[in-house]
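Accompanying notes for the structure given below.
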Amino acid sequence: ADEVQRFIDTHTTVGVERTTARAYGVDGVDDQGTPLANLLVDRYHQAGLTCRGIAFFLGRALLGGAGSINEAAERLAYGPELDHGSTGKTREETRAALERATGDALDRIDLARKAREEKRARFPPGAAPLKYVIVATGNIYDDATQAKAAAFAGADIVAVIRATAQSLLDFVPHGPTTEGYGGTFATQENFRIVRRAIDEASEAYGRYVYQTNYSSGLCMSEIAWMAAVERLDMLLNDAMYGILFRDINMCRTFVDQYVSRRIIARSGIIINTGEDNYLTTADAVEKAHTVLASQFINEAFAKRAGLGDELLGLGHAYEINPRIEDSFLLEIAQAQLIRQIFDRHPIKWMPPTKHKSGDIFQSHVHDAMFNLVGIATGQSIELLGMFSEAIHNPLLMDRYLSLKSASYIFSTARHLGDEIEWKRGGIVEARARQVLGEALFLLEEVERETIWEAIAKGAFADVKRTRHGGKGYAGVVEKAPDYLNPFLDALERGEG
Amino acid sequence: ADEVQRFIDTHTTVGVERTTARAYGVDGVDDQGTPLANLLVDRYHQAGLTCRGIAFFLGRALLGGAGSINEAAERLAYGPELDHGSTGKTREETRAALERATGDALDRIDLARKAREEKRARFPPGAAPLKYVIVATGNIYDDATQAKAAAFAGADIVAVIRATAQSLLDFVPHGPTTEGYGGTFATQENFRIVRRAIDEASEAYGRYVYQTNYSSGLCMSEIAWMAAVERLDMLLNDAMYGILFRDINMCRTFVDQYVSRRIIARSGIIINTGEDNYLTTADAVEKAHTVLASQFINEAFAKRAGLGDELLGLGHAYEINPRIEDSFLLEIAQAQLIRQIFDRHPIKWMPPTKHKSGDIFQSHVHDAMFNLVGIATGQSIELLGMFSEAIHNPLLMDRYLSLKSASYIFSTARHLGDEIEWKRGGIVEARARQVLGEALFLLEEVERETIWEAIAKGAFADVKRTRHGGKGYAGVVEKAPDYLNPFLDALERGEG
Amino acid sequence: MHPTEPKLIGAYGDREGDGMVQMSFVLPMPPSVKAREAAKRFAELHGLAEPLVTAMEEAAAGYSYFVVYGHSAHTVDASKLEVSEVRTVSLSHDELEARVAKRLGRKIVVVGACTGSDAHTVGIDAVLNYKGYAGDKGLESYRCFEAHNLGAQVENPELAARAQALGADAILVSQVVTQRNCHKDNALALVDLIKTQGWRDRVILLLGGPRIDHKLALELGFDAGFGPGTKPSEVANYLAQRLIGDENSVSLPPI
Amino acid sequence: MHPTEPKLIGAYGDREGDGMVQMSFVLPMPPSVKAREAAKRFAELHGLAEPLVTAMEEAAAGYSYFVVYGHSAHTVDASKLEVSEVRTVSLSHDELEARVAKRLGRKIVVVGACTGSDAHTVGIDAVLNYKGYAGDKGLESYRCFEAHNLGAQVENPELAARAQALGADAILVSQVVTQRNCHKDNALALVDLIKTQGWRDRVILLLGGPRIDHKLALELGFDAGFGPGTKPSEVANYLAQRLIGDENSVSLPPI
Ligand code: B12
Ligand code: B12
Ligand SMILES: Cc1ncc(COP(=O)(O)O)c(C=O)c1O
Ligand SMILES: Cc1ncc(COP(=O)(O)O)c(C=O)c1O
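The following block contains the structure:
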């Protein structure tokens with residue numbers, strides 16, 4: 216990962232610069248609905264100036280007399296001519312000019328974190344595995360309703376799935392939204408609306424309910440920042456997912472991921488990684504080890520971004536073909552292995568999806584087996600399976616019954632895990648050893664070839680992506696020697 | 216049990232005598248539908264002559280010139296006057312006269328047994344746990360259809376539930392029946408119809424499918440005989456069930472049970488006992504030990520009737536309130552305990568019923584947990600739970616989905632049992648020890664007080680029954696010193 | 014999520030007015046494109062728009078099992094529903110005993126049984142026996158009741174005779190098995206018997222069981238019906254109230 | 014159990030003609046006697062006689078979840094169902110290659126993609142890639158096909174352009190996400206585009222996905238539709254047949 220990290224440290228992206236601008240207080244949209252942050256950064260990007268950092272220009276504008284960051288941004292975005300930054304105020308003067316703004320930016324994140332911690336102290340969260348459910352009506356107000364309903368039925372974590380195309384958008388929509396396919400747009404306002412609803416639920420049921428969303432795609436770092444200031448508790452955040460399943464350029468998303476994780480670390484959000492998805496395209500028996508290997512890689516990146524183990528919700532899944540004899544044992548082996556290796560991590564366990572059929576009754580039983588393994592192996596976060604998985608996004612009833620079933624199983628088998636000792640040399644133990652061995656072998660290979668190469672060869676999810684292919688590469692820029700970003704510097708120094 | 220056995224050996228019942236008559240070939244009904252066997256025995260019973268054994272009178276009628284047993288029976292039943300047996304042919308002459316008939320009676324059972332064994336050799340039965348399902352349409356022809364459907368969907372054992380009131384009838388209806396509440400009447404003809412259907416299924420799917428029915432109630436021994444000659448594979452056969460849940464007199468049913476089991480032993484039928492039912496009226500946690508204690512008693516009776524372990528399907532059940540934390544562990548403890556104690560017995564494991572609600576989805580999950588314990592603890596015979604348990608007798612669809620779910624779980628967790636070692640001193644082990652201890656304690660108590668007393672005190676199922684109360688006591692008679700029953704003698708000597 | 018209860022009530026899937034409904038059934042056809050079409054059509058006949066057949070499996074030779082989702086256009090006019098429910102005040106154990114002692118001055122005699130060939134005693138036991146149901150003690154536990162539990166498989170004539178002999182204020186009948194509506198026949202028969210014997214007006218008749226509701230009980234000529242989840246205290250309160258009168262009524266917890 | 018398929022098809026529970034059907038749904042009312050009555054009524058409106066409400070639980074504040082069983086009077090007239098299914102002969106891998114080589118003398122060029130914002134590639138991959146589906150190899154495995162898989166999230170204009178450039182005989186479109194019928198809009202848009210570009214008659218258009226059936230595909234202006242469980246060989250046979258003609262047709266295994 217070091218090799219990649221070197222690249223990350225020497226590059227920035229339009230996403231990172233927009234994030235910086237927003238952190239400093241750039242807000243609002245034009246009459247076309249284009250965010251000021253985009254207008255600003257795009258203009259300087261076209262002019263080939265992103266390499267110096269948007270902060271540099273914002274600072275100069277302040278020095279140039281702009282009364283506020285937003286005014287500075289407007290001047291830069293709409294002003295008759297561009298600031299080429301060649302003459303006038305120096306980098307150091309500019310940095311100084313941004314000091315207060317930088318402090319404010321950090322405070323905003325820190326205050327949100329404090330508020331979150333207070334709430335969690337007041338309303339203790341539920342017992343592990345935390346029950347994670349999804350809402351996805353497309354309409355943020357229906358989502359809020361559904362989120363409360365889920366909490367009523369026992370959910371500990373509520374995710375509002377994003378509209379399917381959002382990860383490919385190179386800007387974050389603004390304000391509340393009521394239309395979206397497959398999910399609802401992630402916007403700062405939508406985050407607020409759902410947060411409010413969920414907070415009410417926490418009050419009502421005396422149990423802390425977590426809010427989560429997706430920090431992935433082309434606006435990974437901007438969304439991370441919005442989540443940080445809007446007090447979200449978790450974020451799906453994984454460059455690998457975007458690369459493999461959304462064909463997003465790897466250079467772009469690795470850089471975005473780094474910055475997003477710096478923000479996430481600062482605000483104490485738990486991330487969920489997406490290795491579980493690999494098993495939806497690759498076979499869960501043959502490729503089980505790729506999940507583990509990728510988790511190690513993801514952890515390495517996370518550490519370099521300052522994320523502690525306690526914030527690393529590494530993802531894995533129950534996706535083995537249920538028709539395979541003893542598949543239940545293989546699933547136990549996998550779940551137990553990940554649990555033991557990442558013993559301080561809030562690992563996230565995903566339900567069967569790929570082998571689900573439209574027979575909702577059988578599907579419900581399949582999920583029951585998944586739930587049993589979840590409690591028996593002590594998973595931290597469990598996304599509950601839905602019996603309608605093969606059919607539609609969950610209905611109110613589907614979610615209710617899923618929560619009812621999971622609650623029953625978590626209770627009826629509460630201490631099963633403490634009771635069992637797995638037979639030495641048995642199927643479960645042997646399988647765990649095998650997967651671990653294969654994972655280590657793969658990691659050595661990746662080490663040799665670099666991650667760029669490994670991905671290009673289809674080492675993960677049976678999907679191949681090239682280093683310069685995919686969406687968003689045009690937004691990647693090598694930093695100039697005098698690149699300026701006090702906000703990021705502060706996050707890296709962990710100061711304030 | 217010896218105390219009770221002494222009573223059994225010195226008594227007979229109208230049921231036993233009717234069985235003997237049928238074994239000798241007494242068949243048919245009068246225009247009222249009353250079986251000849253009943254007309255015959257009732258007449259001699261009213262005359263207080265049952266104590267000498269109906270065989271005695273049949274033999275004398277033969278000697279008196281009757282061309283066949285049936286003709287003999289008709290003479291005795293309809294003849295102008297009664298044979299008081301005081302004068303004429305002696306007991307020994309009579310016994311001699313019955314020799315051929317006795318041989319034929321045994322042959323008929325033995326031939327059926329041979330036929331069964333041949334079929335089983337030709338079509339190997341499925342793997343344990345054998346999947347046992349119930350059909351109960353009330354119409355024997357619909358039952359036959361359903362039975363084949365069940366076999367198609369993977370059933371190993373098909374039971375046709377009896378019409379609810381039949382166990383209280385003191386005669387066995389005749390011929391095919393198409394009307395019945397809660398089930399279909401057990402008649403010899405109905406046995407044949409279903410046997411034919413199931414044999415076709417065995418042929419079609421190359422898997423031996425077992426037929427079972429109920430040898431309980433006031434016609435326990437007659438039905439046992441019919442099952443023997445019609446090649447049934449299993450019978451629910453348990454005096455305790457009749458006593459506790461049907462309020463049948465205990466003297467009556469203990470004697471009937473003894474004779475029925477002699478026949479069952481001869482024909483190699485597997486019996487299922489009904490201890491599982493106790494937990495529907497008594498609490499499954501507090502009274503778990505009563506199940507085990509009763510199984511030991513049932514086994515004692517069975518041995519005294521010549522039944523080998525391999526024919527003893529002792530019953531137990533998954534009836535603990537699912538809302539209890541760790542109830543899954545308690546169920547495992549119980550299932551594992553019974554499995555280990557009766558390690559050579561084809562034990563029968565019953566599904567949750569009492570705590571089932573009309574929420575069919577949750578109910579289906581509840582059954583899934585039961586199925587998992589079934590495969591993990593290696594139960595021999597498993598009656599599959601139905602998600603509609605709280606609603607109606609199973610529909611075609613209910614049974615199909617139940618079989619589908621069980622097949623999935625038995626396969627996905629096939630070798631789970633071999634993998635697990637239960638933690639020393641853990642919840643499971645502790646629970647098993649506790650139940651075993653309580654059972655032994657109860658058995659000593661029963662030993663001291665005799666079974667009659669224990670039942671009167673409500674030791675089982677929280678139900679109290681008195682020695683002379685309940686239905687059918689009038690049909691119990693002390694045997695005269697010269698009581699004659701060559702058929703029973705032969706069964707006891709195991710000869711022929 | 015407290016919808017102001019709409020007048021026209023329709024099914025709710027995940028958004029207002031989507032009318033989402035799930036169905037499952039078996040049709041006597043082997044799986045095929047045609048069978049799938051038949052299932053769709055079948056669902057449409059029930060009023061489901063855009064039916065989606067999500068499962069079609071051979072449940073038996075020549076029979077297919079289907080799961081279907083669809084949007085139902087049907088709505089129920091809540092204002093037009095006539096519901097009859099047993100209404101009582103719920104007094105505490107002690108209050109009730111006190112009040113009966115004061116106003117009636119004697120014990121209330123009740124006789125209960127599960128009738129016909131029905132052998133299910135757990136329900137009637139739960140209501141009558143001391144132990145009670147779900148922590149709510151049975152009538153035996155009240156000093157103001159004299160409860161006789163005849164158990165199961167009691168034939169109507171026997172029940173009637175015993176009740177008269179004991180001078181019962183109320184007869185409690187349990188019916189659990191309902192195949193071919195045998196529970197209704199059974200219940201009706203008892204009412205007719207008592208009527209012909211001419212003492213119907215001198216006894217309170219209660220019917221209970223998992224398939225019983227107040228409405229049905231009234232139809233069958235009983236005074237009240239109690240369904241699944243009934244608490245003995247509800248029965249105790251109802252009986253006391255019937256016998257000593259009490260106007261201010263609140264509705265029972267929904268059953 | 015081989016019923017001689019009746020002309021009028023109704024639901025089967027456990028006896029001929031009982032019409033037994035199960036339903037589940039949510040109504041915007043908290044549980045109550047009234048809500049139970051509403052559920053009954055709702056079921057009746059769908060044509061269920063003697064509806065039995067077996068579950069009523071509060072799924073969310075102000076919403077109840079119901080399970081209902083009832084006897085449906087509805088029957089489907091099997092003879093009146095018009096079903097359209099893709100019909101092909103199923104040749105073996107080798108036969109097919111041989112026949113195409115002989116009769117067409119060149120490779121069949123196909124271009125496939127999962128279009129719009131839909132990122133589900135597993136389906137189209139299963140059809141095109143060598144690996145195939147459930148042991149049935151994909152089009153890449155046939156010497157007689159030249160298969161181009163553009164992957165997912167491909168916009169219609171791009172797909173059309175690439176297809177023309179490659180001189181595609183057929184375009185294979187996969188649509189998995191169906192919220193608000195976006196799959197239909199997407200599919201229609203492609204057909205319109207190609208029509209306006211004026212080469213619709215020179216290309217075979219196939220549509221596939223878990224919610225696609227032949228009937229729907231035809232409605233959307235495609236030549237054929239393939240639903241869940243489609244085997245690549247079925248697609249291969251269909252395409253070959255369309256291009257080199259073959260009359261004697263047998264029906265596909267039901268999907
Ligand atoms: C326990 C049980 C048995 C036990 C009964 C033991 C006993 N002594 O009671 C045994 C094992 C003996 C048994 C046998 C049979 N059973 Co059974 N049994 C059940 C079971 C599992 C639970 C019933 C129960 O105890 N519920 C708990 C009690 C507390 O609830 P409840 O009865 O509803 O009572 C409450 C209320 O209804 C109300 N209430 C009830 N009665 C009254 C009366 C009054 C006056 C009042 C005010 C209130 C009131 O208050 C109670 C407390 O809230 C049900 C399935 C199920 N889960 O419901 C099947 C079930 C009832 N049995 C059934 C059948 C068919 C039988 C058999 C006939 C099967 C057979 N052919 O062999 C046999 C024979 C018995 C007979 N002839 O009746 C069917 C009935 C189908 C139908 N709807 O007709 C069921 C539904 C199972 C099924 N799906 O097939 N059964
Ligand atoms: C795997 C999967 C994913 C993977 C996809 C990985 C990949 N590269 O494909 C990942 C994790 C990325 C994913 C993401 C999402 N998914 Co998804 N996913 C699934 C899942 C679990 C399995 C789909 C699958 O692979 N089936 C196996 C293949 C072989 O079957 P098939 O697609 O039907 O293809 C067969 C036939 O249909 C036919 N066929 C298909 N296409 C074609 C084309 C032609 C020309 C022909 C001839 C035949 C043909 O042949 C194939 C072989 O028989 C389903 C649930 C399920 N069990 O079905 C949900 C599901 C499809 N996903 C869903 C959703 C909503 C999403 C998201 C949009 C959710 C979100 N908002 O984040 C995201 C985003 C992706 C997007 N924008 O599209 C929903 C769709 C709901 C709906 N009906 O609209 C589903 C049903 C899950 C659910 N209940 O919510 N998903
Ligand atoms: C890690 C990760 N990120 C993002 C997403 C959602 O992606 P999108 O919003 O692009 O559909 C998922 C969905 O499973 C995921 O696992
Ligand atoms: C041992 C035994 N015998 C008989 C029966 C059926 O009894 P009946 O036919 O009297 O309803 C059962 C039902 O569970 C049983 O367990």
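Chains as they are written, first to last, in the numbering used here: chain A, 216 to 711; chain B, 216 to 711; chain C, 14 to 268; chain D, 14 to 268.
In this text, a Cβ means the ideal position worked out from N, Cα and C, and glycines have one as well.
Just so it is clear, the structure is predicted and the values come from calculations on it, not from any experiment.
Limits of the unbroken beta strand (DSSP E) element including residue i
i	result
residue 120 of chain C	Note, residue 120 of chain C: premise wrong, no beta strand (DSSP E); not H, not E.
residue 426 of chain A	425-429
residue 64 of chain D	61-73
residue 553 of chain B	Taken as a continuous stretch (DSSP letters only), residue 553 of chain B belongs to no beta strand (DSSP E), being part of the alpha helix (DSSP H) at 542-556.
Per-residue contacts from residue i into chain A (C-beta, under 7 Å)
i	result
residue 190 of chain D	379, 396 and 397
residue 99 of chain D	Result: empty, since nearest Cβ-Cβ is about 21 Å, beyond 7 Å.
Listed by chain order, chain C residues near residue i by CB distance under 7 Å
i	result
residue 486 of chain A	Near residue 486 of chain A there are no residues of chain C at all, since even the closest Cβ is about 27 Å away, more than 7 Å.
residue 37 of chain D	35
Under 8 Å by beta carbon: chain C residues contacting residue i
i	result
residue 383 of chain B	130 and 166
residue 364 of chain B	72, 73, 74 and 76
Beta-carbon neighbours of residue i, restricted to chain D and to distances below 8 Å
i	result
residue 368 of chain A	72 and 73
residue 461 of chain A	132 and 166
Residues that residue i contacts on chain B, provided the C-beta gap is smaller than 7 Å
i	result
residue 287 of chain A	Chain B residues near residue 287 of chain A: none, gap ~58 Å exceeds 7 Å.
Start and end residues, alpha helix (DSSP H) containing residue i
i	result
residue 153 of chain C	Segment: none, residue 153 of chain C is in no alpha helix (DSSP H) and carries neither H nor E.
residue 227 of chain D	227-232
Contact set between residue i and chain B, taken where Cβ atoms lie within less than 8 Å
i	result
residue 26 of chain D	610, 611 and 612
| said: Output needed in chain order: residues of the region 171-205 of chain D with a Cβ under 9 Å from some Cβ in chain A. | reply: If the cut-off is 9 Å between Cβ atoms, the region 171-205 of chain D has 190, 191, 192, 193 and 195 near chain A.
TODO: Kindly confirm or deny that the region 95-108 of chain D and the region 135-142 of chain D touch, where touching means at least three C-beta pairs closer than 8 Å.
DONE: At 8 Å Cβ cutoff, the stretches do not touch.
message = Under 8 Å, CB to CB, which of the residues in the region 598-619 of chain B have a partner in chain A?
response = Residues passing the 8 Å Cβ filter: 602, 616 and 619.
### Query
Name the residues in the region 549-578 of chain B whose C-beta lies less than 7 Å from a C-beta of chain D; which are they?
Answer in chain order: 572, 573, 574 and 575.
May I ask you to list, following chain order, the residues of the region 233-247 of chain D that have a beta carbon less than 8 Å from some beta carbon of chain C?
Of all residues in the region 233-247 of chain D, none has a Cβ within less than 8 Å of some Cβ in chain C.
- Item | Segment contact, 8 Å Cβ cut-off, at least three pairs: the region 147-160 of chain D with the region 110-122 of chain D | Two segments are said to touch when three or more pairs of C-beta atoms, one from each, lie closer than 8 Å; by this definition the region 147-160 of chain D touches the region 110-122 of chain D.
Three CB pairs or more closer than 8 Å across the region 618-637 of chain B and the region 451-470 of chain B:
The answer is no - the region 451-470 of chain B does not touch the region 618-637 of chain B, with fewer than three Cβ pairs under 8 Å.
*the region 489-506 of chain B / the region 517-530 of chain B touching (three or more Cβ pairs under 8 Å)*: Contact holds between the region 489-506 of chain B and the region 517-530 of chain B, because three or more Cβ pairs, one in each stretch, are under 8 Å apart.
- At a Cβ cut of 7 Å, what residues of the region 57-88 of chain D count as close to chain A, listed as they run along the chain? Near chain A, meaning a CB-to-CB distance below 7 Å, the residues of the region 57-88 of chain D are 72, 73, 74, 76 and 78.
Do the region 363-378 of chain B and the region 418-434 of chain B make contact, defined as three or more Cβ pairs closer than 8 Å? Taking a cut-off of 8 Å for Cβ pairs, the region 363-378 of chain B and the region 418-434 of chain B touch, as three or more such pairs fall below it.
Open item on the list: Can you confirm whether the region 642-654 of chain A touches the region 378-393 of chain A when touching is taken to mean that 3 or more C-beta pairs between the two stretches lie within less than 8 Å?
Closed with: Of all C-beta pairs linking the region 378-393 of chain A to the region 642-654 of chain A, fewer than three are shorter than 8 Å, placing the two stretches out of contact.
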